[in-house]
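Below: the structure, in structure tokens.
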Amino acid sequence: MALFCGEIGNKSRKSIVFIHGGGFSSWMWDTQVEFFKNQYYCLAPDLPGHGNSKHEEYISTRDCTEKVIEIIETKAKGKKVILVGLSLGAQIVVDILSIRPDLVERALINSGLVIPFKLLKSMIPLMVKWSIPLASNRKFARFQAKYMYISDSCFETYYKDTKSITAKTLSTFMLGYFDYKLPDAFKEMTVPSLVLIGSKEPSFMKKSLIALVKSNSNCKGYIMPHVNHGASLANPKLFNEVLDAWINNQPLPSEIHEFL
């Protein structure tokens, strides 16, 4: 079964592929799609086990990568695309840049963990055991939504997603997420790539930014101030301006600063 993929915009235009984070689905990019739909062909897939692809088994990060590549090859009709991903989606962007950079014109890697986090990985079975029952608790979902910058207008969609994700999907993607390692082939790719994290993110995310930038001179690292994990949801206006400037090779907004 093919993944669900939202499609909005003019098919004759250049494509932007938005890849969501784990536990979300393509709706998290609605603000970006609305902003870019008149200039680009916007593609927003739901990853296996998520959203409208919830009946598709979640196998691994690489399996997700291969499925997104299939979408690009089918929908973009031979044209290079712009890739944008958050968290798990950012790892998939890194994966595509490592194995099929020929498909990509420019990329934005938002909060992509590329250094295995062994300590947290060992805690995942317990985390999943506790989090699945809590997923159906509306008060807890409200608390989580506030932390992840989810607006009131998106809450019901988010709540529906959290209730529908299975323990198997959650466990599999989290184990893969915290075990993800920057592929050796990444250092050979030549795609201009913006690596963006929030200033309030934990140190392991800053270390991942450094790893990406040091691995490949085509990567530029930037920090968005006053933001934790989820820049596109926390400050969608600024995120859209950053992405628009990056796509068009223009100066980036002064509100973000380069990580030196």
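Numbering (the working numbering), first residue to last: 33 to 292.
By construction, the Cβ of each residue, glycine as well, lies at the ideal position given by its N, Cα and C atoms.
Under the three-state DSSP convention, the category residue i falls into
i: E98; result: helix
i: L292; result: coil
i: I128; result: helix
i: M180; result: coil
i: N142; result: strand
i: S235; result: helix
i: I51; result: strand
i: V136; result: strand
i: S154; result: coil
i: I242; result: helix
i: L226; result: strand
Exposure label - residue i; buried when at least 16 CB within 10 Å
i: Y179; result: exposed
i: H261; result: buried
i: D134; result: exposed
i: E233; result: buried
i: N280; result: exposed
i: L158; result: exposed
6 Å CB neighbourhood of residue i in its chain, flanking five on each side removed
i: G117; result: I51, I124 and V125
i: G41; result: K69, Y72, Y73 and C74
i: M221; result: L129 and P133
i: A217; result: S130
Whole-number beta carbon distance between residue j and residue i, since they are thought to touch under 8 Å
i: I197; j: H87; result: About 12 Å separates the two Cβ atoms, so there is no contact after all.
i: S57; j: N84; result: 7 Å
i: L35; j: P77; result: 5 Å
i: V259; j: S231; result: 6 Å
i: E287; j: L265; result: Incorrect: roughly 16 Å between the Cβ atoms, too far for contact.
Beta-carbon gap between residue i and residue j smaller than 7 Å
i: Y181; j: L120; result: no
i: I255; j: H289; result: yes
i: A277; j: L228; result: no
i: P148; j: K238; result: no
i: P257; j: E273; result: no
i: S143; j: P215; result: no
i: T194; j: A173; result: yes
i: L202; j: V160; result: yes
i: K219; j: S247; result: yes
i: A199; j: I164; result: yes
i: P224; j: R138; result: yes
Other residues of its chain near residue i: CB distance less than 7 Å, five sequence neighbours each side excluded
i: D62; result: none
i: I128; result: T97, V100, I101, L115, L135 and V136
i: E66; result: none
Neighbourhood of residue i by C-beta distance below 8 Å, restricted to the same chain and skipping five residues each side
i: V245; result: V227, C251, K252, G253 and F291
Check: residue i C-beta below 6 Å from any heavy atom of the ligand HEM
i: R45; result: Absence of the ligand HEM is noted for the structure shown, with no ligands found whatsoever.
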